[in-house]
Amino acid sequence: MNANRKSMLTSAIVSRAIKDSFIKLNPVSMMRNPVMFVVEVGTVVVLLLTLFPGYFNTSDDIGFNLTVFFILLFTILFANFAEALAEGRGKAQADSLKNSKKEIQANKVVGGNVKVVPSTELRKGDIVVVTQGEMIPGDGEVIEGLASVDESAITGESAPVIKEAGGDFSSVTGGTRVVSDKITVRITSDPGESFIDRMISLVEGAKRQKTPNELALNTLLTSLTLIFLIVVVTLGPIAGYLDIELKVPVLIALLVCLIPTTIGGLLSAIGIAGMDRVTQFNVLAMSGKAVEAAGDINTMILDKTGTITYGNRMASEFVPVGSVSVQTVGEWAAISSEHDETPEGRSVLELMKKQGMGYDASLATGAEFIEFKAETRMSGVDLKDGRKVRKGAVDAVKKWVTAQGGSVPVDLDTSSDSIAREGGTPLAVAVDNRIYGLIYLKDTVKPGMRERFEQLRQMGIKTIMCTGDNPLTAATIAREAGVDDFVAESKPEDKIALIRREQAEGKLVAMTGDGTNDAPALAQADVGLAMNSGTIAAKEAANMVDLDSDPSKIIEVVSIGKQLLMTRGALTTFSIANDIAKYFAIIPAMFILAIPEMSVLNVMGLGSPMSAILSALIFNAIIIPLLIPLAMKGVAYKPMSASKLLSRNLVLYGLGGVIVPFIGIKLIDLVVHLWI
Amino acid sequence: MGILQIIIVLAVLVLLVKPVGTYVYHVFSNEPNRQDRIFGPFEKFIYWLIGLKNQSGMTWKKYALSFLLTNIVLTAVGYLILRLQKYLPFNSSGIDNMEQTLSFNTIISFMTNTNLQHYSGESGLSYFSQMAVITMMMFTSAATGFSVAIAFVRGITSRGETIGNFFQDFVKAHTRIFIPAAVLVTLLLVALQVPLTLDPTITITTVEGAVQSIALGPVAALESIKHLGTNGGGFFGVNSAHPFENPNSLTNIVEILSMWVLPASLPYVFGRFAKNRKQGWVVFSAMMTLFLLFLSLIYFSELRGNPAINAMGIDSSQGSMEGKEVRFGIPQSSLFSAVTTAATTGTVNNMHDTLTPLGGLGTLGEMMLNVVFGGKGVGLINMLMYAMLGVFLCGLMVGRTPEFLGRKIEPREMKLIAIAILAHPFIILVPTAIAFMTDLGQGAITNPGSHGITQVLYEYTSSAANNGSGFEGLADNTPFWNITTGLVMLFGRYVSMIAMLAVAGSLVRKQWVPETVGTFRTDNKLFYGILIATVFIIGALTFLPAIVLGPIAEHLKLG
């Protein structure tokens, strides 16, 4: 499935797209695209002129008219092909998802008994039991038990994930398989509304609605089409005053060349392909609008834990106090962690290994492990020889030691404060009434985050880190990661207040989240990316779901959104800039017979009037398939400031759009002129 | 030497932009300032007189309705006066009522600030009509355009619900700008020998013994508002080519500057409202660049003369002087033509019909774009519309949905802009085609071939841009021409004004997007280039086929 999704165009997709481009000739569906609809009407008119030359008195021009007809037909087919190709990948993906949506037998709990029913009969609120090897029959929430679930059908990730009742890992998706244990699930969706159903309709593009920007661009393209329609229709009578007779196919050729067919033909392909790029990235966007909004983001709110840092506090240093040596602190820290399965405990042993320090592990054999408790805020072991070893929060350990008549070393507070100031968490290590030293626990920033935040800054996006840590710790991590701002000691309600504050300044805000308490903020944000591993509430509130549950992906989503908008802008500019060359090809050709002096305007030195018109028309047609790869892949995007981006793209697509057709039309004319 | 004359006028204009712009900004900023002490009491009296108690801001709809209703009432009153002038006072010459299609054309012509004249002033209008209709509308139409432009600028630069109070703007435009400026320019012209008198026509016997009547009148007074309000309707038939309207080079320069300085200072006013003067200068520079292009086209074509005549061995070292006044020569004639079509005034000091084909193209082109400074306010509104189009086309290339001055350009704005950009080519090209298709239209054309095309195209372009200058040579006082040009003037004025006010009304309510390094800047050199390119590609390419058949074909045939 995953391999499928990443694969590029297969021959099956291409042949299906070719078939679809003919089906799309249906005028009813063409009408949705006014630019191409005008081309289609023109094509039909030229066809009639070709088919009934006697009636229209066009017998002399059958060859020319037929050629114009075919070029126009191919112009439409190319545009249809672009759209069909963009849709193709989604359709193929939807098909494979539909396969995974076979009818499943569900073990429904009815009044204490289990009854086997087809999954299609399950309704919201029903309770089902799923055991090892079975498919989960519908979206739901685990209400009892713990199981590992293979979610590769939707995420493409083969490693199973743990799902358990309560907490943030309770949601399960229909169509995924339980690989161990047994869970009881309360169904949360009716048939046809499940996650997989939504996913199918999303990737299929069935419910694709035009985004606001697409609508606005469409309005502009339609009005340009109307303007050129006015230009071409009025040209006949005006030229008539000079006794120049303009033939209908020539006028249609001029019209088709002038209206923005390039962008008109590629516009929907760009939108679909943009959405598809997000999907390739294993992120499900609920609408194209969300992807577009991602490009406009001004502020990004990121959780520290899991997004910026790994979240686990790792032991990074042993700090002795008083006259104790580093070795001794390490030894006692290791002994206290011998039975400790928490990540912090593991990291202490790893640090010992890393630093090549040994310790007498036998001391801890048969010792009683004391678990970490919220009240004591310490953990450790009670050794067989009666000694008690503890590690924990500094003040808790201090209290514990003084209670046993011990004293606190004078340099403890300075050391622990300096660790806290650097963003670390100090853990004191004590044996009975003596404090030996500190373990420096550090939250590590994920590699590459700093560079990514730098890129975001270049794009003009402000990053705000939210963390429950104290201000000192938060400041250190913020500095280390290079975020612009941070909120320390933040509660879930703070996030929504922060989003509202930013939005009140007109900013568009993106955030990620997975917990139920993130849901209101995810809904409030302009772009909310929920983790697939998160709760159903979070996923429903968000407008994007990351199937890989990687919160830092939001950064790439923004890039994709920007790339989508840039591609649309680049091709629009290119398309409109092309008109200059097309004018210089067709206008002299139209009038040169009546006004020979017009040859001055034939700057490209095109062979003959007819070959000039046909060459411009052919260029207009083949530029569409030539630009399909660009429309599908998107223009190259590197994060940089708007002015730099603009100058670069203006030269490439604006200036390029003026120059390329001059060269293209000339080259085509060299070939076409061999015949006419 | 010729170029120096032009450069000096250009330099004076550029120097005037900032002080005049600052003055205009203070008129309409609605913040208390020193002007209030001088004009305040008088305005309070007017507000009391017209019963304007509620001076709070209006929504765009209310503003549009107010200016339309005001214009409708003025039009209705003016129409009745023209139709009934025979029975009204001050009609010493016993002039008959005006024919209905001509009245329709005339009243629209003056209400829309066009001043296209299908009538002859001397024989067609009573003194009462001249005063109560023509002169009155020269003030009111200019003040209407100015008010709407200011309201539009307020809309796109401020936040809230309202875009100002039309009646207040309208009154202030009169009291603080047009009336004082008109008095000032009148005095200046009188000092420079322009007649201002109520004496009757002088009848003299010439040395040859023939009797000659020399028409006089309050010329200087009309001359001032004719230019200040970018109206253009002349006192005499030959307009500013007449030695009493425009006796010498200095009056010529005064007239050029008085029609040019208000439109040219509006971009600066816009910059002040936007609290970003650079933004205003970018718009000004784009306009000035386009102006210089067109001016050069006119100047060098006229200087080169007519190749066909040159080929006959006739001395053309002075350039093409046909239809021009010797006292102005090529430089002052070219500059006047370029300014009158840029500022859509329509006053002329030489006959545009006799310009060389490319010189004629220069004047035609400026009116087709209607953004090169433009008439009272309309030019700025149009240029800002092209700025929004430029932002929309190129803004996407920075990877954000397009925004202009911190506001997103969305489907609603695009639909309204679409109406405005569609209207202009529609009302020029469609009537032109109709004129060529019908005998009613073709009958009026006095020149065969390409020059005939230019004549018709010029007439409708001048109407659509509310310029009002005639290419002349067209026998245009017929019901067909009166009605078609009347409608073109009407739509040319109001369609885009209302559409753009609606854009302002929509933008003023929008949430502002803060500016970051990711924002597409509209106040730098790059945008200046984009703006000019957008005007050319969207505005100019539309008219290229028609222009190729008209002036360009004529030019090419001349050899």
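Residue numbers (this note's numbering), protein chains in the order written: chain Z, 1 to 676; chain X, 677 to 1235. By construction, the Cβ of each residue, glycine as well, lies at the ideal position given by its N, Cα and C atoms. For clarity, every value in this text was computed on a predicted model and none was experimentally measured.
Are any of the Cβ atoms in chain X nearer than 8 Å to that of residue i?
i              : result
N649 (chain Z) : yes
T234 (chain Z) : yes
N213 (chain Z) : yes
F591 (chain Z) : yes
L242 (chain Z) : yes
G295 (chain Z) : yes
Express the C-alpha separation of residue j and residue i in angstroms, rounding to a whole number.
i               : j               : result
G175 (chain Z)  : V110 (chain Z)  : 22 Å
L1220 (chain X) : L933 (chain X)  : 31 Å
G295 (chain Z)  : T1077 (chain X) : 8 Å
T473 (chain Z)  : P343 (chain Z)  : 19 Å
A867 (chain X)  : M964 (chain X)  : 31 Å
V14 (chain Z)   : M135 (chain Z)  : 34 Å
Q776 (chain X)  : L756 (chain X)  : 10 Å
A1180 (chain X) : M300 (chain Z)  : 31 Å
G840 (chain X)  : Q711 (chain X)  : 18 Å
W675 (chain Z)  : T75 (chain Z)   : 21 Å
F780 (chain X)  : H794 (chain X)  : 11 Å
M807 (chain X)  : L863 (chain X)  : 19 Å
N4 (chain Z)    : L565 (chain Z)  : Its pLDDT being 43, under 50, N4 (chain Z) is placed unreliably by the model, and the measurement read from it follows with that caveat. In a straight line, the C-alpha of N4 (chain Z) is about 27 Å away from that of L565 (chain Z).
I435 (chain Z)  : K353 (chain Z)  : 23 Å
Flag this pair as yes or no: are the beta carbons of residue i and residue j separated by less than 8 Å?
i               : j               : result
P1033 (chain X) : L1234 (chain X) : yes
G908 (chain X)  : K902 (chain X)  : yes
A542 (chain Z)  : G528 (chain Z)  : yes
A481 (chain Z)  : R450 (chain Z)  : yes
T279 (chain Z)  : V203 (chain Z)  : yes
N1025 (chain X) : H1100 (chain X) : no
L792 (chain X)  : G1146 (chain X) : yes
L547 (chain Z)  : N218 (chain Z)  : no
E1079 (chain X) : V914 (chain X)  : no
Q132 (chain Z)  : S180 (chain Z)  : yes
Alpha carbons only, please: which of the options is nearest the one belonging to residue i?
i               : options                           : result
V1164 (chain X) : X:S1182, X:N1143, X:F1147         : X:N1143
L267 (chain Z)  : Z:T463, Z:T444, Z:I628            : Z:I628
E502 (chain Z)  : Z:I297, Z:G306, Z:S615, Z:L441    : Z:I297
P426 (chain Z)  : Z:A315, Z:V172, Z:L606            : Z:A315
D20 (chain Z)   : Z:A84, Z:V68, Z:D548              : Z:A84
I1104 (chain X) : X:T1021, X:Q681, X:E1135          : X:E1135
S1182 (chain X) : X:R830, X:G1146, X:F967           : X:R830
V1193 (chain X) : Z:T463, Z:S490, Z:R457, Z:A334    : Z:R457
A430 (chain Z)  : Z:V635, Z:P320, Z:F619            : Z:P320
I586 (chain Z)  : Z:T573, Z:V603, Z:A577            : Z:V603
L744 (chain X)  : X:G1205, X:F1167, X:Y1204, X:K954 : X:F1167
G1075 (chain X) : Z:K124, Z:R648, Z:L97             : Z:R648
K1201 (chain X) : X:I1121, X:Q955, X:K720           : X:Q955
V1224 (chain X) : X:D1199, X:V1184, X:G1041         : X:G1041
Determine, for residue i, whether the minimum Cβ-Cβ distance to residues of chain Z falls below 8 Å.
i               : result
R1197 (chain X) : yes
V1189 (chain X) : yes
L1116 (chain X) : no
P1101 (chain X) : yes
P871 (chain X)  : no
G1194 (chain X) : yes
Kindly examine the ligand FMN and report whether one of its heavy atoms sits closer than 7 Å to the Cβ of residue i.
i              : result
G166 (chain Z) : This structure simply doesn't include the ligand FMN, nor any ligand for that matter.
Inter-stretch contact at 8 Å, needing at least 3 Cβ pairs: the region 1222-1230 of chain X / the region 1029-1038 of chain X: Contact holds: three or more Cβ-Cβ distances are below 8 Å.
Three CB pairs or more closer than 8 Å across the region 1149-1166 of chain X and the region 1052-1066 of chain X: Note that the region 1149-1166 of chain X does not touch the region 1052-1066 of chain X; fewer than 3 beta-carbon pairs, one per stretch, sit closer than 8 Å.
The region 660-672 of chain Z in contact with the region 576-584 of chain Z per 3-pair CB rule at 8 Å: With the cut-off at 8 Å, the region 660-672 of chain Z and the region 576-584 of chain Z touch.
The region 864-883 of chain X / the region 920-937 of chain X touching (three or more Cβ pairs under 8 Å): A contact is defined here as three or more CB-CB pairs under 8 Å, and the region 864-883 of chain X meets this definition with respect to the region 920-937 of chain X.
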